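Working notes, structure below.
The following block contains the structure:
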């Protein structure tokens with residue numbers, strides 16, 4: 001396809017650039033020891049020298065990278081114990097890889113051969129920028145996880161944790177979650193509300209989406225606008241309206257009040273996902289089934305349903321997570337008897353801050369990962385079934 | 001050759017014209033589709049649209065004044081609210097009966113706090129008057145009871161008011177009082193009262209019968225007591241005194257208590273008139289304050305724009321709309337802050353989202369799918385998890401500050417304040433809403449062919465020109481879709497500003513929640529909500545025009 005040029009680059013280019021990376025690492029170590037400038041200089045000189053040796057004197061990549069890896073790890077251990085060793089190993093691996101990536105010119109491998117040096121620079125500067133944005137997106141979620149194993153009641157890393165001292169870690173916040181009545185009650189409330197709300201939205205939503213996919217439906221746009229509106233109207237307004245209206249009906253503060261409210265909030269997601277699945281649905285299949293003598297109910301369950309099932313399930317998962325995560329509406333429509341997990345977290349964050357929240361957060365993240373994986377797999381399966389994408 | 005000469009309509013298999021047969025088939029299909037949609041539509045209308053409509057109604061509804069003080073409001077129609085004189089004695093007399101009933105039903109404090117939103121200090125006026133209203137006309141009532149012990153006797157009263165069993169009854173008065181109490185107490189006043197006044201006594205002593213009937217209905221239904229076993233309220237006795245003084249003609253009356261009534265009319269002749277106005281002013285001198293009366297008259301109609309005016313820092317005065325006092329003007333400022341911060345959040349989402357969406361759209365699909373997980377994971381993670389994560393990150397003893405101190409960039413005393421202010425809200429909400437910007441951008445950008453940029457490049461455009469003149473204009477619809485989505489979501493956010501916003505980083509929605517759950521000023525909450533809803537609906541409409549709600553994609 002493209003002609004790739006991966007020719008070795010001169011040491012005069014590779015060594016100083018690798019040195020810059022080393023200088024950054026040195027800066028971190030230096031500031032931690034109250035002498036950033038010295039750290040910067042040492043980092044630069046060490047790495048540049050290392051690059052000079054590996055590229056100019058002893059060019060055996062495998063050995064060179066192992067040596068760098070282990071040496072940096074040892075250095076880190078001497079400077080800052082176990083945690084230092086870990087960071088050192090990471091830096092060692094990175095710098096070893098970086099030196100050869102530069103020296104062998106591999107960085108150009110995936111770029112068109114005509115790109116100028118400036119364009120190459122911009123290309124990688126852009127990649128670094130994107131990396132930082134991904135870092136911003138993911139760090140807060142990742143940071144929560146180790147903190148939930150904190151042995152102290154703090155919301156931050158203790159020195160013991162940073163030294164990787166086992167005494168700094170414990171499962172006590174998880175234990176608290178599973179033994180504390182408030183949290184257990186909240187968990188059971190969440191578990192009893194979300195599935196019922198989901199079933200309501202999926203049941204009504206799927207039928208309506210099938211109806212909406214018919215080309216002859218009058219007022220299609222107006223109906224769609226009404227059905228999608230629970231997703232668009234700010235939650236606080238929905239919550240306020242439901243609070244006023246459900247109090248009139250005597251539903252405020254009851255289990256069914258919360259379930260109905262959550263079902264209404266979940267409906268747009270079901271409508272959107274199922275309608276999207278139906279876009280590629282071949283109507284001649286139902287006609288063929290009817291032609292062969294199947295009645296509409298059989299056609300629906302034996303022909304249409306299996307094909308749109310992925311959309312229905314992922315719509316249901318969206319509706320489930322909407323109800324499971326929802327806090328504003330339940331705050332107003334529910335009473336203390338319907339306190340859900342997010343509500344308990346919300347009061348926890350506002351009043352008595354306890355790291356149990358972080359344990360709950362970690363478990364919720366794991367649930368989210370599982371749901372995300374399921375939805376992604378379903379989406380791909382659905383696209384494959386409908387022939388929209390290969391593989 | 002018959003088919004070419006036949007000019008009649010094309011026929012379907014069963015002999016009907018094809019056109020009609022087709023129309024019938026389509027109608028059946030339409031009905032089937034509507035039947036599938038109907039259950040959901042009804043469900044959403046009841047569980048979601050009706051509550052919103054109810055909220056809109058509440059933002060203008062103001063029946064509490066006319067429900068609590070119906071007689072007073074009726075007499076105020078004759079009073080010119082712009083002059084310098086207080087309403088007449090008639091109004092104060094009506095106020096006495098209204099207040100008495102309101103105090104018995106314990107509704108006067110509610111009216112007080114309602115009117116207090118418009119005129120500060122008015123609630124204490126209602127509170128103290130409700131407590132002391134049974135002291136009005138004390139001297140006269142004592143004089144009446146001194147004349148004959150029968151006036152404190154419940155059976156005597158009951159027999160006198162009911163008249164003989166076979167006498168014609170004035171049951172319309174019972175229905176009137178029942179309806180009035182139902183409105184006052186905002187609950188149904190159905191049920192057996194066990195009392196109906198005789199028509200004769202109702203014609204003779206109209207005030208007394210009205211007051212006694214109100215007492216009877218309240219006793220039987222709200223207190224669940226037997227009417228004949230309870231001594232009437234002071235208000236009933238005051239009403240009797242007024243009836244007698246007004247010159248009720250007792251000469252022809254022969255029913256129960258005729259003797260006592262005549263004796264009372266004669267015995268009370270030398271008692272001074274009851275001065276209602278002075279009595280109320282003695283209870284609380286604010287009743288002499290013209291402004292309070294103007295407020296009551298102003299908010300007497302059943303619907304009001306007062307909550308909306310309040311929501312934009314105005315108030316209604318007899319001279320027209322005036323700005324509220326400086327120290328009460330907060331809502332315009334809050335709306336501005338909500339708009340400003342939503343714009344900043346939208347802007348930072350564009351800045352951060354654009355490069356990522358571009359990267360995802362240009363990478364080969366395998367690596368793009370992997371990186372997409374990094375975008376979708378925050379999208380799927382609970383909102384509260386992300387908010388608590390930011391609390392952990394941003395607080396003064398938090399991860400970011402600890403890292404900065406460890407690196408020596410700030411010293412331990414100078415830890416940055418990044419939470420409970422606007423900065424905290426903006427950072428956390430940018431993070432939370434970023435996926436909503438990236439996903440629509442990505443779906444637009446992945447349809448832009450890379451060849452266009454290469455063509456521009458090969459025609460001599462620089463890096464910048466080929467991006468700005470060729471790629472960027474094609475990606476604008478994605479920016480538009482993402483921006484409106486993020487803006488709509490940001491403008492109504494509640495949870496995140498509540499937790500990381502402190503006092504300077506809160507939105508209008510936090511104020512709405514405050515009015516619903518803490519200050520209980522539901523009308524104002526509904527008015528603020530309606531304004532916010534209106535703004536969102538305009539944006540929703542724009543979104544529908546630009547993107548189309550059918551094209552919303554999730555993940």
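Residue numbers (the UniProt record's numbering), protein chains in the order written: chain A, 1 to 391; chain B, 1 to 555. Note that CB positions come from ideal geometry on N, CA and C, so glycine has one too. These numbers come from a predicted model, not from an experiment.
Residue 183 of chain B is outside the set of residues whose beta carbon lies under 9 Å from a beta carbon in chain A. If you draw a 10 Å sphere on the C-beta of residue 110 of chain A, you find fewer than 16 other C-beta atoms in it, and that means exposed. A residue is called buried when at least 16 other Cβ atoms come within 10 angstroms of its Cβ; residue 92 of chain A meets this threshold and is buried.
For a cut-off of 8 Å, the C-beta gap from residue 239 of chain A to residue 329 of chain A is around 5 Å, short enough to register as a contact. Shown here, residue 284 of chain A sits in a helix according to DSSP, grouped into three states. Within the segment 15–66 of chain A, not a single complete beta strand (DSSP E) segment reaches 3 residues in length. Residue range 495–500 is occupied by the alpha helix (DSSP H) that includes residue 497 of chain B.
Annotated as distal: residue 25 of chain A and residue 41 of chain A, with beta-carbon spacing of 9 Å or more. Among the residues facing chain A, residue 355 of chain B is included, as its CB has a counterpart in that chain under 9 Å away.
Interface annotation, residue 32 of chain B: in contact with chain A, CB-CB separation under 9 Å.
Note that the C-beta distance between residue 319 of chain A and residue 263 of chain A is below 9 Å. Taking every protein chain shown into account, the CB of residue 23 of chain B has fewer than 16 other CB atoms within 10 angstroms, so this residue is exposed. Rounded to the nearest angstrom, the gap between the Cα atoms of residue 127 of chain B and residue 176 of chain A is 48 Å. Counting other Cβ atoms within 10 Å of its Cβ, residue 140 of chain A reaches 16 or more and is therefore classed as buried. In terms of Cβ geometry, residue 424 of chain B and residue 390 of chain B form a close pair [threshold 9 Å]. Counting only Cβ-Cβ distances below 7 Å, residue 402 of chain B has contacts in chain A at 156 and 157, in chain order. When 8 Å is used as the limit between beta carbons, residue 377 of chain A is near no residue of chain B, the shortest such separation being about 12 Å.
Looking only at B/381, B/473 and B/129, the smallest Cα-Cα distance to residue 107 of chain B is reached by B/129.
In the DSSP assignment, residue 169 of chain A forms a beta bridge with A/150. Taken atom to atom, the span from the alpha-carbon of residue 34 of chain B to that of residue 223 of chain A is near 10 Å. Taking the CA atoms as reference points, residue 8 of chain B sits about 46 Å from residue 544 of chain B.
By the neighbour-count criterion, in which a residue is buried when 16 or more other Cβ atoms sit within 10 angstroms of its Cβ, residue 431 of chain B is buried.
Excluding sequence positions up to five before and after residue 154 of chain B, its CB lies within less than 8 Å of the CB of 228, 229, 230, 231 and 232, all in the same chain and listed in chain order. The alpha helix (DSSP H) runs lying completely inside the segment 290–345 of chain B and spanning 4 residues or more are 290–298 and 306–311, given in chain order. When C-beta distances to chain B are compared with 7 Å, the residues of the segment 331–353 of chain A below that value are 332, 342, 345, 346, 349 and 350, in chain order.
Closest in alpha carbon position to residue 160 of chain A, among A/83, A/173, A/114 and A/178, is A/83. In this structure, the CA atom of residue 297 of chain A is about 31 Å from the CA atom of residue 231 of chain A. Around the beta carbon of residue 277 of chain B, 16 or more other beta carbons lie within 10 angstroms, which makes this residue buried. Per DSSP, the unbroken alpha helix (DSSP H) holding residue 527 of chain B starts and ends at 522–546.
Residue state for residue 285 of chain B is assigned as helix, using DSSP reduced to three classes. Pairwise C-beta distances place the segment 279–296 of chain A out of contact with the segment 364–371 of chain A, as fewer than three of them are shorter than 8 Å. Residue 192 of chain B and residue 223 of chain B have their C-alpha atoms spaced approximately 12 Å apart. Assignment of residue 169 of chain B by DSSP, reduced to helix, strand and coil, places it in the strand class. Within the segment 271–335 of chain A, the complete alpha helix (DSSP H) runs of at least 4 residues fall at 284–291, 296–299, 305–325 and 328–333. Residue 173 of chain A is outside the set of residues whose beta carbon lies under 9 Å from a beta carbon in chain B. Under DSSP, no beta-bridge partner is assigned to residue 459 of chain B.
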